[in-house]
Amino acid sequence: MTDHADREKAGGSDRAGFRTRAIHVGGEVDPVTGAVVAPIHFASTFRQPGAGQWGEYDYSRSGNPTRTALQQTLASLECGRTNQCAGALAFSTGMAAIHAVTMLLKSGDHVVAGTDIYGGAYRLLHQICDASGIRVTLVDMTQPDAVEAAICADTKLIWGETVGNPRLTVPNMLAIAEIAKKHNVITGVDNTFATPALMRPLEWGIDIVMHSATKYLGGHSDCLGGTLAVANKELFDRLYFIQNATGAVLDPMSCFLIARGLKTLDLRIREQSKTALQLARWLESHDKVRSVLYPGLSSHPQAELAATLFDSELPTSEKCFGAMITFELDAPLEKVKRVCQNTRLFHLAVSLGAVESLIEQPATMSHASYAPEDRAKHGITDSLIRLSVGLENFADLQEDLERAFDA
Numbered sequence: 035m036t037d038h039a040d041r042e043k044a045g046g047s048d049r050a051g052f053r054t055r056a057i058h059v060g061g062e063v064d065p066v067t068g069a070v071v072a073p074i075h076f077a078s079t080f081r082q083p084g085a086g087q088w089g090e091y092d093y094s095r096s097g098n099p100t101r102t103a104l105q106q107t108l109a110s111l112e113c114g115r116t117n118q119c120a121g122a123l124a125f126s127t128g129m130a131a132i133h134a135v136t137m138l139l140k141s142g143d144h145v146v147a148g149t150d151i152y153g154g155a156y157r158l159l160h161q162i163c164d165a166s167g168i169r170v171t172l173v174d175m176t177q178p179d180a181v182e183a184a185i186c187a188d189t190k191l192i193w194g195e196t197v198g199n200p201r202l203t204v205p206n207m208l209a210i211a212e213i214a215k216k217h218n219v220i221t222g223v224d225n226t227f228a229t230p231a232l233m234r235p236l237e238w239g240i241d242i243v244m245h246s247a248t249k250y251l252g253g254h255s256d257c258l259g260g261t262l263a264v265a266n267k268e269l270f271d272r273l274y275f276i277q278n279a280t281g282a283v284l285d286p287m288s289c290f291l292i293a294r295g296l297k298t299l300d301l302r303i304r305e306q307s308k309t310a311l312q313l314a315r316w317l318e319s320h321d322k323v324r325s326v327l328y329p330g331l332s333s334h335p336q337a338e339l340a341a342t343l344f345d346s347e348l349p350t351s352e353k354c355f356g357a358m359i360t361f362e363l364d365a366p367l368e369k370v371k372r373v374c375q376n377t378r379l380f381h382l383a384v385s386l387g388a389v390e391s392l393i394e395q396p397a398t399m400s401h402a403s404y405a406p407e408d409r410a411k412h413g414i415t416d417s418l419i420r421l422s423v424g425l426e427n428f429a430d431l432q433e434d435l436e437r438a439f440d441a
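Residue numbers 35 to 441, in the working numbering, belong to the letters of the sequence shown in order.
Below, the structure written as structure tokens:
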């Protein structure tokens, strides 16, 4: 866990900017060698001062110096300038992090979840949690009244995404946080698409913020990981107990890679966002494209809300809206598949958030685990394509898509 004094000691105060804290908080100079990059601690166990006497670390499942450093960085970035963070936890995968949140629940409890969520989260809720007697209701999170109407006496968790996957809906999580507080319900959000550089939901009153660190936090498609940032100590302690008891912790090498990725996160997501906005505008004007979903476009259903939530401290002209684009082709399934298979720079692959651009068809890839009727009901059509925009030049990515359209 990280407190204010730890962050000050780590070389970056709560008043420092995001990029400064990403580099210095949790990244202390090694006191033994003076190395400006902290060593990776691969040790699985640690010598104790005496029988029954415990040092700061005893067994790497319970705590590891490399993981601690990453968690300190994450806690600082998630709380922003508000100190609304009791601590952060690093898990072996994003799904392990979400699973830990669901383990706060017991048989008979009820979850209200968004309709626009990652396919893996949908699968966990509908094929794992339901087997434990946990009921799930899917609700359009862009309608706070509908969220409140779905809450019942057994509701213990509201789970959504700050930017929905794959339709890029933007829920009013400030309103939902207030509703949850009124009904004494825990709120958790997946903030993977926005990253803490562009949105910090703990500042809105959300209880738990999750990231698939595999994506933007790591940023280079070379490691798996998941994180939770938690608003209050009691909830943090419960989640730490679950993590330690079940063991899905992040290994030291992946901790190092994600900590390294965090140092350039703000730069990467902003450059990727600029290119994504250019591509979204171009796609919106293309005669082969039926519709485009991107929060930075005025045509987006929640454009006004997105302008409030993204980069809340910046004027509209300087805001970034993330690097994910979803669009529909005016074409049948086989032609949509052909487009996805004929790009050269956009790799046909699941995942997202790295320096290389990716393309996928959600209905048959990232969201194939949705029940077909739920895909149809929630707008995950066969003609839908999802782009993760990387750091390549805009003109090259535009040309790549145009070539695929022609194919």
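C-beta: ideal position from N, C-alpha, C; glycine also. Remember, it's a predicted structure, so these values are computed and weren't measured experimentally.
Problem - contact_flag[the region 226-236, the region 336-351] where n(CB pairs < 8 Å) is 3 or more - result: yes
Problem - Simplified DSSP assignment, three categories, for Arg81 - result: coil
Exercise for the section: Please determine, among His75, Gly89, Leu421, Leu159, the residue with the shortest C-alpha to C-alpha distance to Ala405. Expected result: Leu159
Exercise for the section: Could you tell me the boundaries of the beta strand (DSSP E) in which Glu390 lies? Expected result: Glu390 -> no beta strand (DSSP E), and no H or E assigned at all.
Handout entry: Reference Leu236; option with closest CA among Arg324, Ser246, Ile220, Thr102
Key = Ile220
Problem - Separation of Ser96 from Glu390, as counted between CA atoms - result: 35 Å
Problem - Buried/exposed call for Cys374, threshold 16 Cβ in 10 Å - result: buried
Exercise for the section: Quick one: using the 10 Å Cβ neighbour count with 16 as the cut-off for buried, is Gln277 buried or exposed? Expected result: buried
Exercise for the section: Using a Cβ-Cβ cut-off of 7 Å, state whether Leu111 counts as contacting chain C. Expected result: No chain C is present in this structure, which holds just one protein chain.
Handout entry: Limits of the unbroken alpha helix (DSSP H) element including Thr102
Key = 99-113
Problem - CB contact flag (Leu262, Ile242, <7 Å) - result: yes
Exercise for the section: State whether the region 171-183 contacts the region 144-156, with contact taken as three or more CB pairs (one from each stretch) at a distance under 8 Å. Expected result: yes
Exercise for the section: Go through the region 272-324 residue by residue and report every complete run of the alpha helix (DSSP H) that reaches 4 residues or more, in order. Expected result: 286-296, 299-318
Problem - C-alpha gap between Val323 and Cys354, whole angstroms - result: 23 Å
Exercise for the section: Let me know the secondary structure DSSP gives Thr226 once reduced to three states. Expected result: coil
Handout entry: Contact set for Arg157: own chain, Cβ-Cβ below 7 Å, skip 5 residues either direction
Key = Ser403
Exercise for the section: Can you say whether Phe76 is buried or exposed, counting buried as having 16 or more other CB atoms within 10 angstroms of its CB? Expected result: exposed
Handout entry: Cβ-based neighbour list, Leu435, same chain, cut-off 6 Å, excluding 5 preceding and 5 following
Key = none
Problem - Residue environment, Ala214, which counts as buried when at least 16 other CB atoms sit within 10 Å - result: buried
Exercise for the section: Entirely within the region 357-383 and at least 3 residues each: give me those beta strand (DSSP E) ranges in chain order. Expected result: 358-363
Exercise for the section: Please state if the CB of Leu363 and the CB of Ser319 are separated by a distance shorter than 7 Å. Expected result: no
Problem - Cβ-based neighbour list, Asp164, same chain, cut-off 8 Å, excluding 5 preceding and 5 following - result: Val170
Exercise for the section: Mind checking who His245 pairs with in its DSSP beta bridge? Expected result: Thr261
Handout entry: Ala365 versus Leu379 - alpha carbon distance
Key = 22 Å
Handout entry: N- and C-terminal bounds of the alpha helix (DSSP H) containing His144
Key = Segment 144-148 is the beta strand (DSSP E) holding His144; no alpha helix (DSSP H) there.
Problem - Secondary structure, alpha helix (DSSP H): runs of 4+ residues fully inside the region 127-186 - result: 128-136, 153-158, 178-184
Practice task
Return the residue from the list Asn199, Asn266, Leu339 that minimises the CA-CA distance to Met207.
Solution key: Leu339
Problem - Proximity below 7 Å, CB of Gln312 to CB of Val423 - result: no
Exercise for the section: Note the first and the last residue of the continuous beta strand (DSSP E) segment covering Glu433. Expected result: Taken as a continuous stretch (DSSP letters only), Glu433 belongs to no beta strand (DSSP E), being part of the alpha helix (DSSP H) at 428-440.
Practice task
Look at Thr127 and Gly260 and say whether their C-beta atoms are less than 7 Å apart.
Solution key: yes
Problem - Rounded C-alpha distance that separates Pro396 from Lys369 - result: 15 Å
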